[in-house]
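Visitor: In our numbering, the protein residues as written are 10 to 463.
(1) Using the rule of at least 16 other Cβ atoms within 10 Å of the residue's Cβ for burial, across every protein chain shown, is residue 29 buried or exposed?
(2) From what residue to what residue does the beta strand (DSSP E) around residue 258 run?
(3) Can you tell me which of the three DSSP states residue 351 falls into?
(4) Tell me which residue opens and which closes the alpha helix (DSSP H) that residue 34 is part of.
(5) How about residue 217 and residue 270: do their beta carbons lie closer than 8 Å?
(6) For the segment 53-90, which segments carrying the beta strand (DSSP E) assignment without a break, of at least 3 residues, lie completely within its bounds, in sequence order?
(7) Out of 429, 461, 424 and 74, state which residue places its alpha-carbon closest to the alpha-carbon of residue 141.
(8) Decide if residue 143 is buried, meaning its Cβ has at least 16 other Cβ atoms within 10 Å, or exposed.
(9) Measuring alpha carbon to alpha carbon, tell me which of 342, 376, 396 and 359 ends up nearest residue 370.
(10) Contact check, residue 350 vs residue 317 under 8 Å by CB: the rounded distance?
(11) Assign residue 329 to one of two classes, buried (16 or more other C-beta atoms within 10 Å of its C-beta) or exposed (fewer than that).
(12) Determine, using beta carbons only, whether residue 449 and residue 47 come nearer to each other than 8 Å.
(13) Here's a check: name, in chain order, each residue in its chain whose Cβ is nearer than 7 Å to the Cβ of residue 238, leaving out the five neighbours to either side.
(14) Decide if residue 172 is buried, meaning its Cβ has at least 16 other Cβ atoms within 10 Å, or exposed.
(15) In terms of residue numbering, what span does the alpha helix (DSSP H) encompassing residue 295 cover?
(16) Go ahead and label residue 267 buried or exposed: buried means 16 or more other beta carbons lie within 10 angstroms of its beta carbon, across all protein chains shown.
(17) What are the start and end residues of the alpha helix (DSSP H) that includes residue 410?
(18) Roughly how many angstroms separate the alpha carbons of residue 260 and residue 76, rounded to a whole number?
(19) From 304, 282 and 319, pick the residue whose C-alpha is nearest to that of residue 251; which is it?
(20) Do residue 379 and residue 222 have their beta-carbon atoms positioned less than 8 Å apart in this structure?
(21) Report the three-state DSSP secondary structure of residue 419 (helix, strand or coil).
(22) Please classify residue 112: does DSSP put it in a helix, a strand, or coil?
(23) Residue 153 by DSSP, collapsed to three states: which one?
(24) Going by DSSP, what residue range makes up the beta strand (DSSP E) through residue 320?
(25) Enumerated in chain order, which unbroken segments of the beta strand (DSSP E) with a length of 3 residues or greater are wholly contained in the segment 175-229?
(26) In terms of residue numbering, what span does the alpha helix (DSSP H) encompassing residue 452 cover?
(27) Of the choices 395, 139 and 463, whose alpha-carbon is the least far from that of residue 212?
(28) How long is the line joining the alpha carbons of residue 151 and residue 115, rounded to whole angstroms?
(29) In terms of residue numbering, what span does the beta strand (DSSP E) encompassing residue 341 cover?
(30) Helix, strand or coil, according to DSSP, for residue 143 in the structure here?
(31) What residue does the beta strand (DSSP E) around residue 167 start on, and which one ends it?
(32) Just to confirm my understanding: we take residue 67, look at its own chain, exclude 5 residues before and 5 after, and list those with CB closer than 6 Å. What are they?
(33) With H, G and I counted as helix, E and B as strand and the rest as coil, what does DSSP make of residue 231?
(34) Work out the CA separation of residue 415 and residue 92 for me, nearest whole Å.
(35) So what does DSSP say about residue 302, is it helix, strand or coil?
(36) So residue 233 and residue 246 are in contact, right, with Cβ under 8 Å, and what is the actual spacing, rounded?
Below you can see the structure in the form of structure tokens.
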């Protein structure tokens with residue numbers, strides 16, 4: 010029996026185990042959700058409704074009463090509540106988004122919306138981000154309905170639209186207009202955590218997200234004097250904007266260590282047997298990162314604020330100097346780093362270039378000494394006893410930002426056990442996105458156990 014548990018397969022009759030039907034369903038649901046093209050280019054043309062109806066039908070089949078909610082036609086969200094056995098307990102939110110980023114079929118080995126299952130792998134856009142997690146939730150809920158399981162806490166399920174853009178039609182709309190559906194929810198789990206990260210020395214790490222950097226997408230505008238391209242023009246908007254963009258791109262942001270990042274560094278240092286005091290006045294985070302091998306990738310993006318220029322727009326003809334030029338910058342801000350970020354942008358843009366927020370969302374932190382985090386760690390280690398759970402801060406953001414408006418503390422926990430050489434993070438928004446079948450099976454087992462015990 011011990012060998013089966015170590016492999017992630019509970020012994021027959023063991024409490025908390027899932028049956029073969031749930032394991033089959035999670036693969037089928039992932040594949041079928043991928044086949045529903047919910048590409049979100051951020052232009053408002055995405056229609057999540059077919060995927061939402063697919064989800065709602067399977068929730069209804071599990072005895073739930075899902076609500077389909079829209080702010081804009083076709084931008085559909087699904088919310089359902091599972092009643093727990095303890096009416097006095099806080100509720101838990103489990104959420105996943107239904108939209109995906111676009112994919113160019115000619116770049117892929119298989120069609121990105123085929124949902125093909127080949128050689129033990131499910132292929133397609135959303136296999137990692139995040140129709141896999143949506144499918145896991147559906148498989149667990151249906152397994153509970155078949156076996157008569159009820160969790161102790163109420164569990165609110167939310168399948169959202171528009172996460173890959175502004176979330177205005179998704180979690181933002183739900184938090185602002187349907188807060189009552191989330192009554193009692195104190196914590197939530199969603200994407201980008203509890204996946205296998207293969208580090209040096211054969212270590213399997215499972216980073217659980219306990220924080221997110223804030224979103225600060227910026228629009229820069231430079232004004233100048235329009236004129237003929239052959240004339241001297243020292244009031245050139247393009248030159249002015251280009252200089253500002255170059256300064257922003259080259260800027261060295263100072264170190265800012267949040268409690269979550271300090272906890273991550275401390276845990277990784279322990280695993281790598283590195284003596285370190287992250288609170289010491291002379292602590293050198295870059296020196297420590299240099300000693301953490303491949304695991305440094307989990308922390309390096311989140312020890313500082315960042316600002317990366319991404320888009321430029323100016324002019325309409327090569328021999329015409331335009332009177333204005335525009336750039337966009339993807340800024341990310343750590344908790345407590347807002348004032349520093351704004352001051353830096355004011356200085357870096359310089360005279361003649363203004364900036365404003367194109368899209369802005371809060372930074373998040375979640376405690377790593379909480380019962381919820383302990384339960385997540387225990388669930389992973391139950392099914393991979395040789396794995397090491399570590400906290401980390403996401404460099405980007407999720408729907409947890411919008412749900413935080415309701416006082417819900419968010420964690421990134423969408424469990425997957427992945428083979429060595431399978432680069433989970435590179436497949437986010439990448440070509441040939443895919444997920445191993447065995448990874449999905451592991452995820453269903455872990456998620457089932459967590460939701461029973463958290």
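Cβ coordinates follow ideal geometry from the N, Cα and C atoms, glycine included.
Guide: Taking the coordinates as given:
(1) Taking the first residue of the chain shown as 1, we reach residue 29 at position 20. So residue 29 ends up on the exposed side.
(2) The count along the chain shown starts at 1 and reaches residue 258 at position 249. Not the beta strand (DSSP E): residue 258 falls in the alpha helix (DSSP H), residues 246-259.
(3) Working through the chain shown from its first residue, we reach residue 351 at position 342. In this structure, residue 351 counts as helix in the three-state DSSP scheme.
(4) By 1-based counting over the chain shown, the position of residue 34 is 25. Unbroken alpha helix (DSSP H) run through residue 34: 29-44.
(5) For the purposes of this step, residue 217 is taken as the residue at position 208 of the chain shown. For the purposes of this step, residue 270 is taken as the residue at position 261 of the chain shown. Going by C-beta atoms, residue 217 is not nearer than 8 Å to residue 270.
(6) 76-79
(7) Within the chain shown, numbered from 1, the residue matching residue 141 stands at position 132. Residue 141 has its Cα closest to that of 424, out of 429, 461, 424 and 74.
(8) Numbered from 1 along the chain shown, position 134 holds the residue referred to as residue 143. The residue is buried, with at least 16 neighbouring Cβ atoms inside 10 Å.
(9) Walking along the chain shown from the start, residue 370 turns up at place 361. Closest option to residue 370, Cα to Cα, is 342.
(10) Here residue 350 refers to the residue found at position 341 when the chain shown is read from its first residue. Here residue 317 refers to the residue found at position 308 when the chain shown is read from its first residue. Actually they are not in contact, since the Cβ atoms of residue 350 and residue 317 sit about 13 Å apart, beyond 8 Å.
(11) For this step, residue 329 is matched to residue 320 along the chain shown. When all chains shown are included, residue 329 counts as exposed.
(12) Here residue 449 refers to the residue found at position 440 of the chain shown. Here residue 47 refers to the residue found at position 38 of the chain shown. Cβ distance not < 8 Å, so residue 449 and residue 47 don't count as in contact.
(13) Translated into positions along the chain shown, residue 238 becomes position 229. Excluding sequence neighbours, residue 238 sits near 327, 328, 329 and 330.
(14) Taking the chain shown and counting its residues from 1, the one referred to as residue 172 is at position 163. By the neighbour-count rule (16 or more Cβ atoms within 10 Å), residue 172 is buried.
(15) Walking along the chain shown from the start, residue 295 turns up at place 286. Counting along the chain, the alpha helix (DSSP H) containing residue 295 begins and ends at 294-298.
(16) Stepping through the chain shown from its first residue, residue 267 is reached at position 258. Buried, because 16 or more other Cβ atoms sit within 10 Å of the Cβ of residue 267.
(17) Taking the first residue of the chain shown as 1, we reach residue 410 at position 401. Element bounds for residue 410: 409-412.
(18) Here residue 260 refers to the residue found at position 251 of the chain shown. Here residue 76 refers to the residue found at position 67 of the chain shown. Between residue 260 and residue 76, the C-alpha separation is close to 47 Å.
(19) Within the chain shown, numbered from 1, the residue matching residue 251 stands at position 242. Selected option, being the one with the closest Cα: 319.
(20) Here residue 222 is taken as the residue at index 213 of the chain shown, counted from 1. Here residue 379 is taken as the residue at index 370 of the chain shown, counted from 1. For residue 222 and residue 379, no; Cβs fall outside 8 Å.
(21) Within the chain shown, numbered from 1, the residue matching residue 419 stands at position 410. Strand at residue 419.
(22) Locating residue 112 in the chain shown gives position 103, counting from the first residue. Residue 112 falls in the coil class under three-state DSSP.
(23) Within the chain shown, residue 153 is the residue found at index 144, counting from 1. Residue state, collapsed to three classes: helix.
(24) Along the chain shown, read from residue 1 onward, the residue named residue 320 stands at position 311. Residue 320 -> beta strand (DSSP E) spans 315-323.
(25) 194-199 and 213-221
(26) Looking up residue 452 in the chain shown gives position 443. Its alpha helix (DSSP H) spans residues 446-462.
(27) The residue labelled residue 212 in the question sits at position 203 within the chain shown. Nearest of 395, 139 and 463 to residue 212, Cα basis: 395.
(28) Counted from its first residue, the chain shown places residue 151 at position 142. Counted from its first residue, the chain shown places residue 115 at position 106. Distance between the alpha carbons of residue 151 and residue 115: 37 Å.
(29) As a working note, residue 341 is residue 332 in the chain shown. Residue 341 -> beta strand (DSSP E) spans 333-342.
(30) On the chain shown, position 134 is the one that residue 143 refers to. Helix, per DSSP.
(31) By 1-based counting over the chain shown, the position of residue 167 is 158. Annotation: the continuous beta strand (DSSP E) that includes residue 167 extends over 164-169.
(32) On the chain shown, residue 67 is found 58 positions in, with the first residue counted as 1. Cβ within range, chain order: 147.
(33) If you number the chain shown from 1, residue 231 lands on position 222. DSSP places residue 231 in strand when its eight states are reduced to three.
(34) As a first step, residue 92 must be located in the chain shown, where it is residue number 83. As a first step, residue 415 must be located in the chain shown, where it is residue number 406. Distance between the alpha carbons of residue 92 and residue 415: 20 Å.
(35) Here the question's residue 302 lines up with position 293 in the chain shown. Helix, per DSSP.
(36) The residue you call residue 233 lines up with position 224 of the chain shown. The residue you call residue 246 lines up with position 237 of the chain shown. At roughly 3 Å, the Cβ-Cβ gap stays under 8 Å, so residue 233 and residue 246 are in contact.
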